[in-house]
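Chemist: To convert a position in the sequence shown, counted from 1, into our numbering, add 8.
Here it is, the structure, as structure tokens.
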Amino acid sequence: MLAEEYRVGGTCVIRGCVPKKLLVYASRFRAEFEDAAGYGWTVPQSSFDWSTLIANKDKEINRLEAAYIATLQKAGVSIVKTRAVIADPHVIQLADGKRVRAQYILVATGGTPTYGDPIPGIEHAISSNEAFHLPELPKHVVVQGGGYIAIEFAGIFAGLGSQVTVVYRGENILRGFDDDVRAHVRMDMEKRGIKVIVGCKVAAIERTEKRFSVLFTSGNRATADCVMFATGRAPNVNKIGLKEAGVAIAKNGGVAVDEYSCSNVANIYAIGDVTNRVNLTPVAIREGHAFADTVFGGRKVAVDLTHVPTAVFSDPEVGAVGFTEAQARARFARTDIYKAMFRPLKATLSGRDTTVLIKLVVDGSTDRVVGCHVVGEGAAEMVQVAAIAVTMGAKKADFDATMALHPTTAEELVTMRQKSASYAREAAE
Ligand code: NDP
């Protein structure tokens, strides 16, 4: 039995990856129209209609939700559209009053946006949840945060025509990504007109008639029609009976689980964002599959989270798998770096001021490629394929032996012969 209080599909399908990618596609037409001129096209004055995009996006999400429901029903799953709370390790209390006995309970309740420390006027801020249903495209948007959601929505809003200011508390956006990637994304975002303010936070949001006056910790102000916070998400562990059933919560705020996604209560498992391990859809799917194999399939399967490829669908796009340069240098006796930064062929005739970054991080002792980082058009698609090689343990020599496919951006992955740098691990003090 599957209990769902809202819509079937979870964050990814209903208010995450899928609708986000549709908005990303929409936002990229602006650059395509601009770039077309260099290729001889005269594009008639373009105009954009937010309500058409949102209505079409909603239609597609409805279609997908119906498809998921049909697949579940075909597989014999009974779906109850109500909230479920664990009454004891073998009993589920449904909000409609029914109680259901269960041999196993799988918690996959995901996460919810968080807004950080309380500030005056925080009630005016929206999260990504609301961004998908704004009544109109805001003219000026202030986005707080420097992670996936902030950087993706900055690109979406800017591409659709909003003026965008990103406010990030740290030194540079996309903490956790390779430093070259972070610098490159920021540089290109700024070239596209997005204002990036670092070392700063939103201190207060005041309503001024129809707009907002946003006060920053620097003392400066900006006027905005929309203030979006993308300051992380917290696992949905509250008010679902976990505490009462004796399920332990980990330091990261998620359900504490072992490598088989089993909690400290033997028949209660948890997967996905509610465990706050690696909060990405394919990881949750893999964890769910491993749970099914382990509990019902007669073979114990643990999920290996060593090589998780990831993408930021920002403008420019990021794709990454494996270690960053900094991680590799701390881990391996010697780290070799191969790096190329170049103007993509498409940008020659279009005249667009943009560059692609391709970077391989190699364990110098074994020649294994332990990290692959790409910034630019098609980065996510490239890295999904490169992730096969990295997961297989391919060596730099295997990349070199691979015939290039010309003319592509990805060919640079197999044609970088000269090391850009080589580092010996610094001795620990
Ligand atoms: P992230 O953890 O990626 O980013 C949160 C950002 O908010 C960070 O820049 C963080 O700064 C900043 N922040 C956190 N707390 C505060 C605060 N109190 N004041 C100011 N800034 C703060 O979370 P997101 O909300 O962007 O996304 C949630 C998760 O969803 C991601 O971790 C990711 O797993 C998933 N996701 C994946 C996508 C993809 O695969 N393409 C797309 C969208 C979401 P700092 O860096 O200093 O900690």
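All residues carry an ideal CB built from backbone N, CA and C; glycine is no exception.
For clarity, every value in this text was computed on a predicted model and none was experimentally measured.
(1) Helix, strand or coil: which one does DSSP assign to Y268?
(2) Smallest Cα separation from C25: which of H148, L72, P243 and R38?
(3) What does the Cβ neighbour count give for S430, buried or exposed, with the cut at 16 atoms within 10 Å?
(4) Exposed or buried, which one is I202 when buried takes at least 16 other CB atoms within 10 Å?
(5) Quick check: does the Cβ of N287 come within less than 6 angstroms of any heavy atom belonging to the ligand NDP?
(6) Decide yes or no for the touch test of the segment 344–360 against the segment 282–298: beta carbon pairs closer than 8 angstroms, at least 3 of them.
(7) Assuming the contact rule is C-beta atoms closer than 8 angstroms, S322 and E160 should be a hit. Round their C-beta distance to whole Å, please.
(8) Give the straight-line distance between the Cα atoms of D2 and F331, rounded to the nearest whole angstrom.
(9) In chain order, what residues of the same chain have a beta carbon less than 8 angstroms from the beta carbon of G261, not counting five sequence neighbours either side?
(10) Mind reading off the beta-carbon distance from I276 to I113? Whole number of angstroms is fine, and I expect it under 8 angstroms.
(11) Assess contact between the segment 356–370 and the segment 298–317, defined as three or more Cβ pairs (one per stretch) separated by less than 8 angstroms. Is contact present?
(12) V175 and F165 - do their beta-carbons sit closer together than 7 angstroms?
(13) For A95, collect the residues of the same chain with a Cβ closer than 7 angstroms to its Cβ; drop the 5 residues on either side in sequence, then sort them by chain order.
(14) Rounded to a whole number of angstroms, what is the C-alpha to C-alpha distance between K147 and T50?
(15) Please list, in chain order, all residues of the same chain as A162 whose beta carbon is under 6 angstroms from its beta carbon, the five residues on each side excluded.
(16) Distance check for R337 and S444, CA to CA, integer angstroms please.
(17) As an exercise, report each continuous beta strand (DSSP E) stretch of at least 3 residues that is fully enclosed by the segment 323–365, in chain order.
(18) Could you check where the alpha helix (DSSP H) with G296 kicks off and where it finishes?
(19) Of all the options L10, P128, E40 and Y123, which has the alpha carbon lying nearest to the alpha carbon of S136?
(20) Would you list, in sequence order, the uninterrupted beta strand (DSSP E) runs of no fewer than 3 residues that lie entirely inside the segment 363–422?
(21) What would DSSP say about E68, mapped onto helix, strand or coil?
(22) To the nearest whole angstrom, what separates the beta carbons of A103 and R91, a pair I think is in contact under 8 angstroms?
(23) Would you kindly report the start and end of the unbroken beta strand (DSSP E) that includes R493?
(24) With a Cβ-Cβ cutoff of 7 angstroms, do T225 and A211 count as a contact?
(25) Is F56 helix, strand or coil when you go by DSSP?
(26) Apart from the five residues on each side of it in sequence, which residues of its chain come closer than 8 angstroms, Cβ to Cβ, to Y14?
(27) Just how far apart, CA to CA, sit P121 and K28?
Modeler: On the basis of the data shown:
(1) Along the sequence shown, one-based indexing puts residue 268 at 260. Per DSSP, reduced to three states, the secondary structure at Y268 is coil, with no helix or strand assignment.
(2) Locating residue 25 in the sequence shown gives position 17, where the first residue counts as 1. Nearest C-alpha to C25: L72.
(3) By one-based count along the sequence shown, residue 430 stands at place 422. Exposed, by the Cβ-count rule.
(4) Locating residue 202 in the sequence shown gives position 194, where the first residue counts as 1. Buried, because 16 or more other Cβ atoms sit within 10 Å of the Cβ of I202.
(5) As a working mapping, residue 287 is identified with position 279 in the sequence shown. Yes, Cβ of N287 sits closer than 6 angstroms to a heavy atom of the ligand NDP.
(6) Touching, no.
(7) Within the sequence shown, residue 322 is the residue found at index 314, counting from 1. Within the sequence shown, residue 160 is the residue found at index 152, counting from 1. Contact between S322 and E160 holds: their C-beta atoms lie close to 5 angstroms from each other, under 8 angstroms.
(8) Nothing in the structure corresponds to residue 2, since the chain is present only between 9 and 437.
(9) The residue labelled residue 261 in the question sits at position 253 within the sequence shown. Excluding positions up to five away in sequence, the list reads A242, P243, V245 and N284.
(10) Sequence index remark: in the sequence shown, residue 276 carries index 268 (1-based). Sequence index remark: in the sequence shown, residue 113 carries index 105 (1-based). I113 and I276 do touch by the CB rule: their CB atoms are close to 5 angstroms apart, below 8 angstroms.
(11) Flag = no, the segment 356–370 and the segment 298–317 do not touch.
(12) Position 157 of the sequence shown holds residue 165. Position 167 of the sequence shown holds residue 175. It is not a contact, given that the beta carbons lie outside the stated cut-off.
(13) Along the sequence shown, one-based indexing puts residue 95 at 87. Closer than 7 angstroms at the Cβ level, and outside the excluded window around A95, lie Q101, R107 and G249.
(14) Counted from its first residue, the sequence shown places residue 147 at position 139. Counted from its first residue, the sequence shown places residue 50 at position 42. For K147 and T50, the distance between alpha carbons rounds to 27 angstroms.
(15) For the purposes of this step, residue 162 is taken as residue 154 along the sequence shown, with counting starting at 1. The residues are V151, V172, V174 and I202.
(16) Outside the displayed range of the chain (9 to 437) lies residue 444, so it cannot be described from this structure.
(17) Within the segment 323–365, complete beta strand (DSSP E) segments of at least 3 residues are found at 326–330 and 342–350, given in chain order.
(18) Your numbering for residue 296 matches position 288 in the sequence shown. Run containing G296: T289 to F304, per the alpha helix (DSSP H) assignment.
(19) Walking along the sequence shown from the start, residue 136 turns up at place 128. Out of L10, P128, E40 and Y123, Y123 has the C-alpha closest to the C-alpha of S136.
(20) With a minimum length of 3 residues, the continuous beta strand (DSSP E) runs that stay inside the segment 363–422 are 364–371 and 376–383.
(21) As a position in the sequence shown, residue 68 is number 60, starting the count at 1. It is helical.
(22) Here the question's residue 103 lines up with position 95 in the sequence shown. Here the question's residue 91 lines up with position 83 in the sequence shown. That belief holds up - the Cβ atoms of A103 and R91 are roughly 4 angstroms apart, short of 8 angstroms.
(23) The question about residue 493 has no answer, for the chain in this structure spans 9 to 437.
(24) Working through the sequence shown from its first residue, we reach residue 225 at position 217. Working through the sequence shown from its first residue, we reach residue 211 at position 203. Yes. Within cutoff.
(25) Position 48 of the sequence shown, counted from the start, is the residue given in the question as residue 56. The answer is coil: DSSP assigns F56 none of H, G, I, E or B.
(26) Taking the first residue of the sequence shown as position 1, residue 14 is located at position 6. Cβ neighbours of Y14 within its own chain (closer than 8 angstroms, five residues either side excluded): I22.
(27) Your numbering for residue 121 matches position 113 in the sequence shown. Your numbering for residue 28 matches position 20 in the sequence shown. Whole-angstrom Cα-Cα distance: 15 angstroms.
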